Structures are given as structure tokens and as C-alpha cells.
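Going letter by letter, the sequence shown gives residues 1 to 1007 in the UniProt record's numbering. Please read the structure below before turning to the comments.
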Amino acid sequence: MRFVVNIVLLTASLMKHHSNNGCSAVWNSSLSCSPHDSEKSNLEEKCLNASTSLVENEKAFLDCLSDLNTNVLQHLLYYNSVDQKWDMHMKQVLQLNEKFHALWDQTGERCNHLKQLLHQSNPITIKDLYIVSNTAGVQELYIQYFSAFTNLDVVGGFDYLAKKTSNYWKKNKINLSRFFFSSEKPESSVSVSLYRVLHERIRDQVTQYILILKRLCQSTEKPTGVQEVNEALKGYIDLQSHISQLLDDASLTKVLWKSLGQKLSDILCTPERRLREDSKNMPISHSAGRFSHDRILLFDDVLVILQGSDVHCYDLTTVWTEETTEENSDRRVLKVITPEENFTLYTQEPQHEVVWQWKLNHAVRQCLNRRRDFPLWGKRGQDQNPSGPPLYRFAVYTFKNEGRLKNAIYEGYWNQGKPHGKGTLKWENERNYTGDFQNGQEHGFGVYVDPHTGTEGYDCYKCHWRDGKMHRYGICEYSNSVVYRGYFKDNLRHGFGILESSKTDNSAFRYVGHWKNDKKHGYGILESTDSGESYIGMWQEDHREGNGIVVTQSGLCYEGTFHCDKLIGKGVLLSEDNSLYEGEFTEDLQLKGKGKLTFSNGFTIEGAFSNRFGNGLQANGVLNTAGNDDIAEAAAQLQLGLHGLPVKERWPGIFEPFVEYLRAGSTDESEEAFLGFHTESGRSLRKAISDKRADQNCSEPTITYLAGKRKCGELPVKNIDFIKDLKTLQDVEQIQKYLEKSFQSSMHPLGKLLQIQVFVFQATYSGMGANKHLVTMAQEEVKYHAEKILEIIMDYISLSLTGDSQDEVTRNELNCYSLVLPLILPAFYPELSMLYMLFHEKDDALYWQGIVHLGLLSDTKLLEFLDVQKHLWPLKDLHLTINQRYSLVKDQCFLSAIECFQKISTTADPREKMDTLYKTFEEIEKTVSRVLNQDYKLPMDDLLPLLVYVVSRARIRHLGAELHLIRDMMDPNGVGGITDFLLTALESCFQHIQKQEIRQGRFTDSV
């Protein structure tokens, strides 16, 4: 009501004043349109008259602004003082001057533009009236000016400036008095005069806009354009109300600073701060029962509690309120929540509690928006958000209390007084954490940087967190160039992880294995370029402890029991030339004690040994030179790690997170925390906190279950569908198709699991680990991976396939050899086949010698040498000379069977290799049947020589390795029958080609 009365009085006063000074615009009587005029011409005439009135009014206003600038502002700007307060007040004067000139310049530009339109022949429209078309822009100029004006007033700027420039104004009274009406009595106070002249005329201009718009709105009878004018009119009335509120708030705040005293004013007073409520006016207390001793002040940015000499300030961006009740009490209670302190405010009257809560919430909301409402207390006097400020919000806060967060600055999202959501936490020593928070703790994914005091280096932890501690997967880059990728628990490395140094370091190393409480513990592999050794085995408390194998670059292999990094007690040593030592060790892989040394030629030494093998080895014992091929062969065939390192105890750490992930619901949000290693191939671990891989830039296919591969641009598969889709599969064929696509996709959970299985396999059996004495250990590890995957997925396959009612065929098909191993084996095949080739290198070398010599024979000579019956030769229909026959049939006999057999090396699947062998047998029989012109089943006596012929012409380089890989990796249930018959036949061919007469080419003269 107060604002309405002021507007009416001010309007009447302005009309009187402007009529006396000739500043008001003359409103043309032609605005009253003749009812006979057209609507269009009537509106154009009204707009023309309104524009003319606006231009005349603006001319007078611009002249006034020019006078104010010349006679008032410039004298304030160019006054110099050495007073300490001068800089603060001068800063506010400069800001006022900046907003003054912005208002002046923009008003002049718009007025000149409108004047140009008036001189043109085109009709003036409502859109040409900038106070209608650009209401928001005009409002913003006035709001900024009056905000700067009241900022200067609040800190006592006009009083201070008047005092400093009083001598000037005494000599130049006319410079101030000219801005008052002649009928008014001049102000005796310079500060009051400055206060009035720098705001009254500018404030009156808003009233002039309202008068022009009111007349235009009243005279427009037709609806055309009325809505725009009405909206603009409401906007300027709101602006007028807002200016009044700004002035009133500044006046009340200024009075408060004077009442508090100099000490408190120095602490609390800032130019932008405004008082919202005072407990002296609306009683409320921080301490129950002591209302007279507390004073609570609510400003637009802080809540202040004065208790004696103590001043407590609470930033409103981090203030939450809750209305609570006290049992058996008439007092009203308002709970206030802040980041480091929760307290209660008490009132005796219910209306006081309601008002305080409303004003607190309103002030918090405005503070969060960083802009006061327009008008100040809500649009048209209504609260725009009666539900209160948001509980979840963004804010910046500096912690003050003792503890791990003392003096740390948090910038991010909050919920009920605690960091919650994305944020950044910075400490004084430049430590910082950027990432996810929950209930005040680091929780989710985050990056923690810890600089080293006095050095340029720092440790960077890109990890997942739980309750303020690193938990689950993370990557840590240490200042010494060492990187850890793996799992954490309670800030400690725990579970499976990889620790490796830079490859350029002189003492480069890599550890791949398990951890417990930040130390190597369990099964792991340590490869060191400095020592040239790779350790495969068990660890405890960062030391090699228990069964283990050491493989050196020179080809030496040690196996035994370790204690505190030393191989002690009985163990085994194998050299590259297949020499074998079995005996006692001590002092860092040194042979010391009783033992037996078997050389590759079968010689043995049994007795007491000392020093390292091959480095001045000393022995005192019995030398046996009789030689024993069986003993030498046993040493060459010896396999390590079969008893001391059970396959089930090697890699639990890569399966446990996967199982936990499935039990947790396999959600996309938890994927990286559980399966961190697997996500690295698709995208790096959160290069930035909010970075996500753009689907349109995808470079690898994924799957839509049972529907084919995803095309770039399609929605990615959600991991949460993994279990659901697996349960819908109704037969083994569907499961096979599903698994095949799953393993091929690096985005599918099973594809991710396969990736880490392959990684640890490569870490163990490539490089120095590519040793022939580890082939059995490697092949049983691959089979165990397949068994473990099947065990995991069987828990989610339909009960109709896994229940007691399943038939024998389904039971045989649902085993790891039929369902899983053929799908994952190609991923392990490069390293596994290399181990087989190394292990069978000797046999394959003998076999290849035979192949080379057999390759020197023509087809006819080779068939004759192999004793293939001539009626089975596909050559008898050719009536040619021997020379002609040789030229025409070279490398053409049984060509289809040869080409078929050559495919045996193009696949890793043992089943497909056996299918190739079976088809080769069929092709041989087809050729023979064609020659005999009848169906013919080859007996073993006829099959073997023909198979030797096909194998010799196919020239498979490492056939021995292929044969043993098939034997080791095929399904035990498939042994026997035609499969076993054909594989046995192929093994006989392999052994036949190794015969000495063939290897030495002794058949040349006999053929």
C-alpha cells in the first residue's frame, strides 16, 4: 500500500513540476480517435503521438543527465584524497559513473533512432516504441544504476563525499540547487543534496514512461497492440516498485551499520549487502531461554549471529532450514543446517517463526540465483517458489573447523549441508580432489592429486571411492613414473592390480597379480628388466613366499619354495639345453647342497653342489656317463607349476569383481568400478570427470543381443540387460550365438572379462614367460578360464536347460569344451601356440626335414615310395609318356584333399581342426572312389600312405604342435570313435615322416 501511495503522489508532483519547467511531453488531443476512422490509421496516429511525446520527454531527460555529469559527477570523480577510506568509496563512485553513462548512452541512442523514424514517411508502429519493444533492456539499465547508487549510499558514501568536497560545494551552491524546483527550499545538507540529485530525476523518468504507456493503453480501443502495451506498462510499474524497495533496503541497512558500532560494521559491512530481518524487530534467539543476549541478523547473503563479542557468519548458499517441534513446549523451533554446524533458532510467537523461515528461504533462493527477484519480493508481490530453495544446490564453501578439511575449499553440489554430487575440494597445500561426493564424503569416481612437498612431482589417483576412501578400481600415477592400475579397498591396493614403471627406466619392472593391504599378496608375476628375470608364483607381504617359478632371459627355469624372496630347500632347475638339476637351493637361486644334475645327453652327476649354474659350478659327487635316453627325454619333457601352483588359486582376483558386478545388478553406472580394466580399451578412465565417449564417434562394434552387431549411431547395449537376456535363451544353439557375439564385443560384460583373462595370460606366457616348460601350465589355465566362465553363466541360464530334466545331449553340449572354450581359445591362441611350438620344436624340426626331402619327389615317385597301390592312383587314365605325365600331374594328385588339410592351421578351435581332418579323409575317399568308379571305404593299410602323401604335400610347418594342441584342448567326451581314429592316423603320419631314411633322403636311389 505504501508503494501505491508513493506512486500516486509522485505522479501528481511530477505533472505539476514538469508543467512548471516545460519538461513534460504534450499529449496530442488527436489520440481520441473519431469512430469513423479506420482502425489502422487510428493506431498509427496514436503511436505517432506517443513517439513524439516520448522523444520530447527523453530530450529533457538527456539534458538533465548531461548537467548531472558536468556539474556533479565529474567533480566527485576528479577529487583526490589520501584518506584510507577514499579508495573504497571511489570504487563505488566509479561503478556509479559507469552505470550512469550506460543509461545515458543507451537512452540517447534509442531516442535518436526514434527521432529518425519520425522524420521518415513510414508509419510508426508499437514495435518502434523502444519502451514497449525493449522493456527488459530498459529495466536492466535502471536496475544496474540504482544498484550501484544504493551500494554507495549503504557504506555512507554520500556523507563521506560531502564531507571531503564540502569546500567546493560552498563555493558552487548553484551546481546543486539548479536541480531542485524553484518552489522548494534548498537542502542544508550537501550529502542529502547529492543523494537526491543523483537519483530523483532518474527515478522520475520511469514514472514518465508509465504515464505515456497508460495514456496509450487507455486511448487504444481496439485489441490490436493493447497486449504488448499492457505488458510493458506492468513491467515499468514493477521497475518502479523495485527501485523503491532498493532505496528502502539501503536506508534500513545504513541505519543498522550506524547502530552496530565501528568494529562490527568493519566486519560485516559491504556495499552489496542488505538487511532482510533483525531479531530486534522480529524476536528470535539462537540460545534457548536467552533471547536478550543474542542478536540475529539476516542479510541477503549471510545469516549473522551475534553472541557477546562473538560473530558467527553463515553463507546463505550453504544454509538449509527445517521446521521442527519440541515436545511439551510452546516455543517454535527452526533448525538451521550448515556444512560444519547445525543449530536451532527459537521463537515464542508462531508468526515470528513463519516469517523468519519464509525470509530465510527467500533470501537463500535469491542468493543461489545470484540476483534479487524483480520486483524484490516476488513478481507482483507473490512468492514465486513457496516450497523453499532447492535442497540440492551448487555452492562454494571454505571449511574452518579442525579436521582433515580445515581451510579446504569445496566448490560443487550440496545436499542438506553436505557435499553431494559433482564437486572439487582443494586444500592449502595444493592437494585437490575432483569428482563425486555423497553425504559429505568422496564417493563415486574422482581424481585426487597429492603434490610432494618441496618437489615438482605429485601423485595422481584416478579412482572410485566409497565413504571417503579409494574403493574398487582405479589408476594411480606416482611421481616416480610408476603406475598402478587395479583395485583398492579402504585407500589400500587390494585385489587384482598391475604395478609397472616406465619402460624407459633402467630398472623397469611390471607386477601383475594380487594385492592385500597395499602389498603384493597371493598369486602374481613380476618381470624385471634389471635382473632379467620373471617370477611366477605366490607372494606374501611384498615378498616372494611359497611356491614359485623364476624364468630368466637366458632360458633358465627355477621352481621351488621361496621364503623372503629367496629360493630355499629343494627345487628344480631347467636349462635351455634341457639339463635338469633337482636338489637344494639357497642364497638367491644358488645351488648349494645335495642334488642331482642330469645333462641333455643323459649323463648325471649326483652329490653336493655350490655356486650358480653355469657360473663356476662346483660339484662333489658321482658322475654317471652311461647315458640314458629316457632320463634325458624326461628332463626335456618336464613341466613346471603343476603341483605347487594349482590353477584354481592363480587368478581369483579377475573373477571376483565380475561376479560382484553381476550380483550388484550389472548397471552401467557401476561398470567401471567393478570392471575398470575392461573399460580401458573402449575409453580411457575418465580423462575429465564429465567426459563420456560420444556414440557417433564409435570405432568398434558392440552387440544387440541375438540381433546382430550394433551399427555406429545406434543406442549402446545396456549392461543391465545382460542377465535378463541370458535367461530368455531357450536352447543351446541360441546360447552359442549369444556367447559368440558377447565375446566379440568389448562392450559386453563377458567380452570385458575375456579381455582381462587374455591380458594376464599374455603377461605370464609372453616375453620371458614364453618357455616350453610352461606349456602344460598355460593350457590348463585356458581350460580353467573356460570352466569358470561357464560356471558363472550357468547360474543365469534357464532352468529348463540346466535342471534335472535335461537330456544327455544337452548335458554334453553345455560343457566348457563345447560351449565356451571354442569361443575364447582364439584370443589365447597366439601365445599358446607359441608355447606348443617351442615345446615340440625338436619333433617338428625332424618332421620338417622329412617334408623337405619328400617335396623333392614327383607325385608318381612319391606314391611309389609310399607303397600306394597303383590301382588307387588317379593317373591310370592318362596314356602319356613318363615325361609328359610328370609335367601334367605335378602337384595335382589329391589336390582337393591337400587344400582341405592346409586349413587345419587357419583356426584355433580343436573341433574345427578335427572337422578339417575329417573332410580331408572324405576328399581322399572321393578321389579314390572316382578312380575306381565305385564307392570305396579305405582300410587303414590304404589310408595311411595316402594320408602321408597329402600331409607331405600340404607342408604344415608345425604339425606336431598342432597335433598336441588338439589332443590337449579337445573335449574329453569326444575321445574315441572316428575322431580318435583319424587323429591317431595323423599322428602316425607325423611319426612316419620323421623316420631317419626319409629325413636323410635315402629313398632317392631306391625309387
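Glycine included, every Cβ here is placed at the ideal spot set by N, Cα and C. Source: prediction; values computed, not measured.
DSSP beta-bridge partners of residue i
| i | result |
| --- | --- |
| Q590 | T586 |
| G522 | W539 |
| K489 | L492 |
| D294 | Q307 |
| H464 | F445 |
| E500 | V483, R510 |
| W515 | G495, K520 |
| G435 | G423, G446 |
| G548 | G537, G560 |
| R472 | F488 |
| D315 | V302 |
| T776 | T776 pairs with nothing; no bridge assigned. |
Per-residue burial, residue i [other beta carbons within 10 Å of its own, 16 or more giving buried]
| i | result |
| --- | --- |
| A688 | In this prediction, A688 has a pLDDT of 40, which is less than 50 and means its spatial position is unreliable; what the coordinates show is noted afterwards. The residue in question, A688, is exposed, as its Cβ has fewer than 16 Cβ neighbours within 10 Å. |
| S53 | buried |
| M969 | buried |
| P972 | exposed |
| D859 | buried |
| N439 | exposed |
| D530 | exposed |
| D159 | buried |
| T270 | exposed |
| N697 | Summary for N697: the model assigns pLDDT 36, below 50, so the residue's position carries little reliability; its value from the coordinates is reported in the next sentence. Result: exposed. |
| T51 | Note on identity: in this sequence residue 51 is Ser, with Thr being the wrong assignment. Classification of S51: buried, given that the 10 Å Cβ count is 16 or more. |
| I998 | buried |
| I174 | exposed |
| D467 | exposed |
| K462 | buried |
| S279 | buried |
| N547 | buried |
| Q994 | buried |
N- and C-terminal bounds of the alpha helix (DSSP H) containing residue i
| i | result |
| --- | --- |
| L959 | 959-969 |
| residue 1073 | There is simply no residue 1073 to check, as the chain begins at 1 and stops at 1007 in what is shown. |
| K163 | 157-164 |
| Q618 | No alpha helix (DSSP H) holds Q618; the beta strand (DSSP E) holding it covers 618-624. |
| T107 | 86-118 |
| G137 | 135-154 |
Integer-rounded CB distance, given that residue j should sit under 8 angstroms from residue i
| i | j | result |
| --- | --- | --- |
| I920 | F901 | Reading the sequence as shown, one finds Thr at residue 920 and not Ile. About 4 angstroms; that satisfies the 8 angstroms criterion. |
| N628 | G595 | No, N628 and G595 are not in contact; Cβ-Cβ is about 18 angstroms, not under 8 angstroms. |
| I789 | L832 | The pair is not a contact, with the Cβ atoms about 17 angstroms apart (cut-off 8 angstroms). |
| V732 | E813 | 5 angstroms |
| T434 | V447 | 5 angstroms |
| I756 | I898 | Not a contact, Cβ separation roughly 41 angstroms. |
| R274 | D300 | 5 angstroms |
| H312 | V319 | That pair is no contact at about 12 angstroms. |
| G583 | L591 | 7 angstroms |
| residue 1013 | D505 | Residue 1013 is absent from the structure shown; the chain starts at 1 and stops at 1007. |
| residue 1019 | D450 | Since the displayed the chain opens at 1 and closes at 1007, residue 1019 lies outside it and no answer follows. |
| R276 | L298 | 4 angstroms |
Residue i - containing beta strand (DSSP E), residue span
| i | result |
| --- | --- |
| E606 | 604-610 |
| Y796 | No beta strand (DSSP E) holds Y796; DSSP gives it neither H nor E. |
| C557 | 557-563 |
| E323 | 320-324 |
| E633 | No beta strand (DSSP E) holds E633; the alpha helix (DSSP H) holding it covers 629-637. |
| V396 | 392-398 |
| Q934 | Per DSSP, Q934 belongs to no beta strand (DSSP E) and is neither H nor E. |
| G571 | 566-574 |
Can at least three beta-carbon pairs, one atom from the stretch 72-82 and one from the stretch 204-221, be found at a separation below 8 angstroms?
-> The stretch 72-82 vs the stretch 204-221: no contact.
At least 3 beta-carbon pairs within less than 8 angstroms: the stretch 547-557 vs the stretch 763-779 = The stretch 547-557 vs the stretch 763-779: in contact.
Segment contact, 8 angstroms Cβ cut-off, at least three pairs: the stretch 116-124 with the stretch 161-180 | Cβ pair count under 8 angstroms is below three, so no.
When the Cβ atoms of the stretch 195-204 are set against those of the stretch 82-95, are three or more pairs found closer than 8 angstroms?
-> No contact exists between the stretch 195-204 and the stretch 82-95.
Do the stretch 328-348 and the stretch 241-259 touch if we need at least three Cβ pairs shorter than 8 angstroms?
-> Under the 8 angstroms Cβ criterion, the stretch 328-348 does not count as touching the stretch 241-259, having fewer than three qualifying pairs.
Does the pairing of the stretch 607-627 with the stretch 515-531 give three or more beta-carbon distances under 8 angstroms?
-> Cβ pair count under 8 angstroms is below three, so no.
Are three or more beta carbon pairs between the stretch 561-571 and the stretch 659-672 nearer than 8 angstroms?
-> Using a Cβ-Cβ distance cut-off of 8 angstroms, the stretch 561-571 and the stretch 659-672 are not in contact, since fewer than three pairs of beta carbons, one from each stretch, lie closer than that value.
Cβ pair count under 8 angstroms reaching 3, the stretch 358-367 against the stretch 401-420 | Cβ pair count under 8 angstroms is below three, so no.
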